[in-house]
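Single-structure report; data block below.
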Amino acid sequence: MTVFVCGQEVEEIWCGIYDAWMSRLGHENVRIEPEGRDRELFCEYREVAAEEWKAEKVTKSIRKKLSEELYEVVYRAALSEDADRADKIYRFLIYAFAMGTNVMDQLQIPAVYEVFRMTRYLSREYSHVIEFARFSRMEEGVLLSRIKPKNDVLVLVSMHFADRLSGENWILYDCKRKKAAVHQADRGWIIVRADSAQWQERLNKKTDEETYEGLWRTFHKAIAITQRTNLKCQQNMLPLRFRPYMTEFNKV
Amino acid sequence: MLIQEEMDIQEKLRILSDAAKYDVSCSSSGVARKGKKGTIGNTLAAGICHSFAADGRCISLLKILFTNQCIHDCRYCINRRSNDVVRTRFTPEEVCTLTIEFYRRNYIEGLFLSSGILHSPDYTMEQIYETLYRLRNEYHFNGYVHVKAIPGADPGLVERVGFLTDRMSVNLELPTAEGLRRLAPGKTREKILMPMRQIQRGIAAQNLRALSDSKGSGGNVRRHLQDSSQTGRNFQNQWWDHQRQSAGTLDIRNRPSAGKREIGMADTIAHPGRNVWTSFQSQNRRFFVPAGQSTQIIVGATPESDYHMIRVAEALYQNYDLKRVFYSAFVRVNDDSLLPELPGGPPLLREHRLYQADWLLRFYGFGAEELLSEEKPNFNILLDPKCDWALRHLEWFPVEVNRADYGTLLRVPGLGVKSARRILAARKSAALDFPDLKKLGVVLKRAMYFLTCSGKMMVPVRMDENFITSQLIGVEHGKVWDIENHDSYRQLSLFDDCQVTALVSREDTVSALTGTL
Ligand code: SF4
Chain A
69 MTVFVCGQEV EEIWCGIYDA WMSRLGHENV RIEPEGRDRE LFCEYREVAA EEWKAEKVTK
129 SIRKKLSEEL YEVVYRAALS EDADRADKIY RFLIYAFAMG TNVMDQLQIP AVYEVFRMTR
189 YLSREYSHVI EFARFSRMEE GVLLSRIKPK NDVLVLVSMH FADRLSGENW ILYDCKRKKA
249 AVHQADRGWI IVRADSAQWQ ERLNKKTDEE TYEGLWRTFH KAIAITQRTN LKCQQNMLPL
309 RFRPYMTEFN KV
Chain B
42 MLIQEEMDIQ EKLRILSDAA KYDVSCSSSG VARKGKKGTI GNTLAAGICH SFAADGRCIS
102 LLKILFTNQC IHDCRYCINR RSNDVVRTRF TPEEVCTLTI EFYRRNYIEG LFLSSGILHS
162 PDYTMEQIYE TLYRLRNEYH FNGYVHVKAI PGADPGLVER VGFLTDRMSV NLELPTAEGL
222 RRLAPGKTRE KILMPMRQIQ RGIAAQNLRA LSDSKGSGGN VRRHLQDSSQ TGRNFQNQWW
282 DHQRQSAGTL DIRNRPSAGK REIGMADTIA HPGRNVWTSF QSQNRRFFVP AGQSTQIIVG
342 ATPESDYHMI RVAEALYQNY DLKRVFYSAF VRVNDDSLLP ELPGGPPLLR EHRLYQADWL
402 LRFYGFGAEE LLSEEKPNFN ILLDPKCDWA LRHLEWFPVE VNRADYGTLL RVPGLGVKSA
462 RRILAARKSA ALDFPDLKKL GVVLKRAMYF LTCSGKMMVP VRMDENFITS QLIGVEHGKV
522 WDIENHDSYR QLSLFDDCQV TALVSREDTV SALTGTL
């Protein structure tokens, strides 16, 4: 067994898939793994060098030879939190290239089901993030939102808000991965690393939001019908892990 | 009654959201509209829930009354004239600012504006119009808006508002004209149905025009809409014509006969809500009520049976093209001798069953007549309406997964719209077995009694009504207990109210529907 060890960013995953595929060792003799796993005996380990051209080759052939839809599927799968996503996508692609573009219908096939499962989980989390993310206004009028998603949905979430709040300056900060999407009004957005001390200081400045946050809490409280109180339902619909980032659940 | 206008905005918001909360509609679905430069906001076809209140209901829109002042005295309503409560009103600016500032912070998907009747229906509707006009044109709000059409208001006003809002609703409130007379003396069935009919006609005329204009123009439905003023005039003419012909009666006799709906007919007996008004605006031409209209019926304030309720709902879907009928378990907020006592609290289980049945009507191809009848007028407390139906029609089962058509699959308990579609897609490549079904999202603990895979059942069962009933009641038992005890039932089914609101707003108009009833 030859193990290809690659990084966790989407591009690095494409590179891992490229190396594994092009090694011509036979699909059943190779495996893709993330960095930092314990090494097994009798396996040969190869580090995958991340290079843009490899990633490009992989994405191009998915888009050309399979379809844009399937590219979107595997792109989303590559954002998943599943540690084995690279290998799972690899298995999926083997099947997809053999069977053609209708593969997503064949959920009974394990390779397809795994990718389906990852993307379904990611999509659910994406929905939750666009529902429950809260912005507050910082000094210069910039809107700031902190999120902590399990899957790497920052790019998808930013696309949503870029369309919705196109005229605003905003920052979406992923606390888990310490990166941020920075949007400039009527311009566009980029993703930046935000682990520097400067960034941290900026993010930790207090926002001056008493008025609207207070109003929102008032509304949130008043809108519930007391005779129907059902905290369990509330919790099922709005899991506790999102609440630290939500205005209405922050006690002042 | 003195209206306090000089009140602090926080207090106003508290009072006017508190007074609006009995309206259960909360979805922000039905229209997909991209963001636009120079405006704030967009909408998603499936809608978005932004939070959940302590009662487990979804919060999607800033749901407020414009004022809680009212000239009427509806018995069930907290805002009725005879109640001694603090009265206040918003100004249009206040509503606009709150909406925009909440939206910007991603608290809400848009505005839900309802109102008590201040001075007169016309005056109230004018205030609503002014608010919406400013919100759209001065504050450049491009997100979701749902407003009430005030019964009795000038049709011209209703129409103008219709071009600024996404969804409009008129609440039917009580399922019978008699109930209205007793409990809502200021309202009549005719007055309520009139704006409902007007909105229906307006939407229909717009669609018709869009479709006929799009012929020969590459199918662009939107481009050729007349500008709103002209379209408006046409609507109004048609509306008046219609009023002369019928006084807007709700004809529940006009229903399909039960015999015609047979199981396993064509795929077409059920399809998820599709929306042709996908854009609200193109080149500054506005659309009339692009997200369609909805209504609300109070459950348990008057003595109608479930059968009556779903017949009314069915008639509303068929005759008024409603997008949604919402059911609101009666909450006894006023101590009034004409209102039922309800010692057990609001009838939540009943509301839950009605929502389940409503889904069966809208997405599963069921007719009201199949679910209940004069002889069996109320839903089974222990079983959901679909299981209940299946048990009374065991002669149809078991169904062969690898052969049955879409409509037939939809009739199987434990199988929903989404899983039925997945089955159709997956079985093209290979015959399916029970473990496969699980992956496709079938709820086997219900479906196992009604399915075969390549001729085999999951476990050998007798097709015996009593036996299967007892098995299914076991599955359902905990849920019923939870509902009655206000507990955790909602997570267990996709069809209870809180899931429905969440789910509907997410998926109502998306072709992919989860459903495992
Ligand atoms: S019209 Fe009736 S239901 Fe509506 S606010 Fe007035 S009293 Fe309440």
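In order, the protein sequence lines correspond to chains A and B.
Per this note's numbering, the first sequence starts with residue 69, numbered consecutively.
Per this note's numbering, the second sequence starts with residue 42, numbered consecutively.
Note that beta-carbon positions come from the ideal geometry of N, C-alpha and C, so glycine has one too.
Going by the CB atoms, is the gap between residue j and residue i shorter than 9 angstroms?
i: residue 412(B); j: residue 400(B); result: no
i: residue 208(B); j: residue 72(B); result: yes
i: residue 154(B); j: residue 132(B); result: no
i: residue 200(A); j: residue 310(A); result: yes
i: residue 180(A); j: residue 172(A); result: yes
i: residue 147(B); j: residue 317(A); result: no
i: residue 124(B); j: residue 110(B); result: no
i: residue 229(B); j: residue 180(B); result: no
i: residue 329(B); j: residue 203(B); result: yes
i: residue 504(B); j: residue 404(B); result: no
i: residue 58(B); j: residue 287(A); result: yes
i: residue 82(A); j: residue 133(A); result: no
i: residue 93(B); j: residue 295(A); result: no
Whole angstroms is fine: what's the gap from residue i's alpha carbon to residue j's?
i: residue 100(B); j: residue 334(B); result: 19 angstroms
i: residue 315(A); j: residue 214(A); result: 11 angstroms
i: residue 249(A); j: residue 279(A); result: 26 angstroms
i: residue 169(B); j: residue 414(B); result: 42 angstroms
i: residue 509(B); j: residue 473(B); result: 24 angstroms
i: residue 104(A); j: residue 447(B); result: 48 angstroms
i: residue 83(B); j: residue 75(B); result: 5 angstroms
i: residue 300(B); j: residue 408(B); result: Confidence is the limiting factor: at residue 300(B) the pLDDT is only 34, short of 50, which leaves the residue's position unreliable and the question unanswerable from this model.
i: residue 114(A); j: residue 225(A); result: 34 angstroms
i: residue 45(B); j: residue 514(B); result: 54 angstroms
i: residue 85(B); j: residue 70(B); result: 7 angstroms
i: residue 366(B); j: residue 221(A); result: 35 angstroms
i: residue 275(A); j: residue 188(B); result: 33 angstroms
i: residue 238(A); j: residue 134(B); result: 25 angstroms
i: residue 458(B); j: residue 482(B); result: 10 angstroms
i: residue 559(B); j: residue 219(B); result: An answer regarding residue 559(B) cannot be provided, because it is not within the stretch 42 to 558 covered by chain B.
i: residue 161(A); j: residue 140(A); result: 13 angstroms
i: residue 232(A); j: residue 377(B); result: 47 angstroms
So which of the options has the shortest CA-CA distance to residue i?
i: residue 511(B); options: 474(B), 490(B), 98(B); result: 490(B)
i: residue 374(B); options: 55(B), 63(B), 49(B); result: 63(B)
i: residue 391(B); options: 420(B), 202(B), 416(B); result: 420(B)
i: residue 161(B); options: 506(B), 478(B), 227(B), 357(B); result: 227(B)
i: residue 332(B); options: 240(B), 78(B), 445(B), 485(B); result: 240(B)
i: residue 416(B); options: 349(B), 163(B), 487(B); result: 349(B)
i: residue 94(A); options: 246(A), 228(A), 159(A), 193(A); result: 159(A)
i: residue 289(A); options: 95(B), 478(B), 483(B); result: 95(B)
i: residue 465(B); options: 130(A), 146(A), 174(A); result: 174(A)
i: residue 479(B); options: 243(B), 418(B), 199(B), 463(B); result: 463(B)
i: residue 221(B); options: 389(B), 360(B), 499(B), 115(B); result: 115(B)
i: residue 111(A); options: 102(A), 120(A), 98(A); result: 98(A)
I'd like the list of long-range same chain contacts for residue i, defined as Cβ closer than 6 angstroms, with 5 residues on each side in sequence excluded.
i: residue 80(A); result: 74, 118
i: residue 186(B); result: 151, 152, 206, 207
i: residue 135(A); result: 169
i: residue 342(B); result: 117, 371
i: residue 261(A); result: 247
i: residue 194(B); result: 162, 163, 166
Ignore the nearest five residues each way along the sequence and tell me which others in residue i's own chain have a CB closer than 8 angstroms to its CB.
i: residue 230(A); result: 251, 256, 257
i: residue 136(B); result: 105, 107, 152, 154, 172, 176
i: residue 440(B); result: 449, 450, 452, 453, 491, 492, 493
i: residue 192(B); result: 162, 211, 228, 232, 233, 235, 236
i: residue 128(B); result: 42, 43, 44, 45, 108, 109, 110
i: residue 156(A); result: 145, 150, 179, 182, 183, 186
With a threshold of 7 angstroms on Cβ separation, who are the neighbours of residue i within its own chain once the five nearest residues in sequence on each side are excluded?
i: residue 84(A); result: 72, 74, 100, 116, 154
i: residue 158(B); result: 111, 112, 113, 165, 191
Alpha helix (DSSP H) runs wholly inside the region 149 to 178 of chain A, at least 4 long, in chain order: Along the length of the region 149 to 178 of chain A, whole alpha helix (DSSP H) runs at least 4 residues long occupy 153 to 167, reported in chain order.
Those runs of the alpha helix (DSSP H) which lie wholly inside the region 470 to 500 of chain B and span at least 4 residues: 475 to 480, 485 to 488
Below 5 angstroms from a heavy atom of ligand 2 - residues by beta-carbon: Ligands displayed in this structure: ligand 1; ligand 2 is not among them.
Length-filtered (3 minimum) beta strand (DSSP E) runs lying within the region 208 to 236 of chain A: For the region 208 to 236 of chain A, whole beta strand (DSSP E) runs of length 3 or above, ordered along the chain, are 211 to 215.
Within the region 89 to 139 of chain A, ranges of the alpha helix (DSSP H) (whole runs, at least 4 residues): 120 to 129
Segments of 4+ residues assigned as alpha helix (DSSP H) that fall wholly inside the region 223 to 255 of chain B: Taken in chain order, the whole alpha helix (DSSP H) runs of length 4 or more contained in the region 223 to 255 of chain B are 230 to 255.
Inside the region 251 to 304 of chain A only - beta strand (DSSP E) runs reaching at least 3 residues: 256 to 261
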